[in-house]
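Okay, so here's the structure we're looking at.
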Amino acid sequence: MEIIALQGHRKEASGKVESKKIRRSGHVPAVMYKSGGGEAFQFNLLASDLRPLVYTSKFRMVDINLDGATHKGIVKDIQFHPVTEAVMHMDFLELVPGVKFKANVPVRFVGASKGVKEGGKFLPKMRSVTVTMTPENAIDEVTADISAMELGSTIRVRDIDLPSGIEITNTPAVPIASIEIPRALKSK
């Protein structure tokens, strides 16, 4: 699991005027909520440091250094400017050891499908799933083996093998991917 280290600066004041000043200085306002409740705190981050965290399909944890203390967390929400698509605000969830949290992690398909080799078309239906895990057993992706998929077959959420301590919260019957039978083979 890749962990991104960020340097944060505590926000002294809050409000629209203060947030605009922060953005003009090249920073992004942010807030970190405690997992399981507790007091949230506001801070700001350098906008250029956020690129590997924001513009990726990967799930990553962050270590935010504030006033000499390190806070481990994950991104919960990102707000973008509607025209320029610049990052306007970020919400983080601070992770507590042993306490479960929910996160969206990408699905990676592995293997060569028999159905594709026979002329079928691989159709991914879901690119990510929601999992519940603790910080100690966190994963950055879920792998789905498609090597046994035949023409016309479907792989579902319940077919994914996970390490112990990790649960998928999506509906088990939801399809993740399928192999479509081409029209030329359907007519035979």
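Residue numbering for the sequence shown follows our numbering, beginning at 1181 and increasing consecutively. Beta carbons are placed, not taken as given, at the ideal position from N, Cα and C, and that holds for glycine. In this text the structure is predicted, and so the values were computed from the model without any measurement.
Are at least three pairs of beta-carbons, each pair with one atom in the segment 1283–1294 and one in the segment 1308–1327, less than 8 Å apart? yes
By DSSP, does residue 1280 sit in helix, in strand, or in coil? Along the sequence shown, read from residue 1 onward, the residue named residue 1280 stands at position 100. Residue state, collapsed to three classes: coil.
Helix, strand or coil for residue 1265, going by three-state DSSP, please let me know. As a first step, residue 1265 is located in the sequence shown; it is residue number 85 there, counting from the start. Coil.
Residues that residue 1213 bridges to, as DSSP identifies them: Stepping through the sequence shown from its first residue, residue 1213 is reached at position 33. Partner(s): 1273.
Can you check whether the CB of residue 1272 is closer than 8 Å to the CB of residue 1242? Here residue 1242 corresponds to residue number 62 of the sequence shown, with the count starting at 1. Here residue 1272 corresponds to residue number 92 of the sequence shown, with the count starting at 1. Closer than 8 Å, so yes.
Exposure label - residue 1374; buried when at least 16 CB within 10 Å: This structure leaves residue 1374 out entirely; the chain is present only between 1181 and 1368.
Using 8 Å as the threshold, is the segment 1346–1361 in touch with the segment 1303–1320, meaning 3 or more CB pairs across them? yes
Going by CA-CA distance only, name the one from 1210, 1201, 1285 and 1209 that's closest to residue 1182. Sequence index remark: in the sequence shown, residue 1182 carries index 2 (1-based). Considering only alpha carbons, the answer is 1285.
If you compare alpha carbons, which of 1275, 1342, 1321 and 1355 is closest to residue 1336? Walking along the sequence shown from the start, residue 1336 turns up at place 156. Ranking 1275, 1342, 1321 and 1355 by Cα distance to residue 1336 puts 1355 first.
Can residue 1212 and residue 1244 be called in contact, C-beta distance under 8 Å? Within the sequence shown, residue 1212 is the residue found at index 32, counting from 1. Within the sequence shown, residue 1244 is the residue found at index 64, counting from 1. Their beta carbons are under 8 Å apart, which means residue 1212 touches residue 1244 by this criterion.
Determine, using beta-carbon pairs with one atom in the segment 1297–1305 and one in the segment 1261–1280, whether at least three such pairs fall under 8 Å. no
For residue 1365: DSSP bridge partner residues: Stepping through the sequence shown from its first residue, residue 1365 is reached at position 185. For residue 1365, which the question treats as bridged, DSSP gives no partner whatsoever.
Where in the segment 1284–1348 do unbroken runs of the alpha helix (DSSP H), each at least 4 residues long, occur, reported from the N-terminal end onward? 1294–1297
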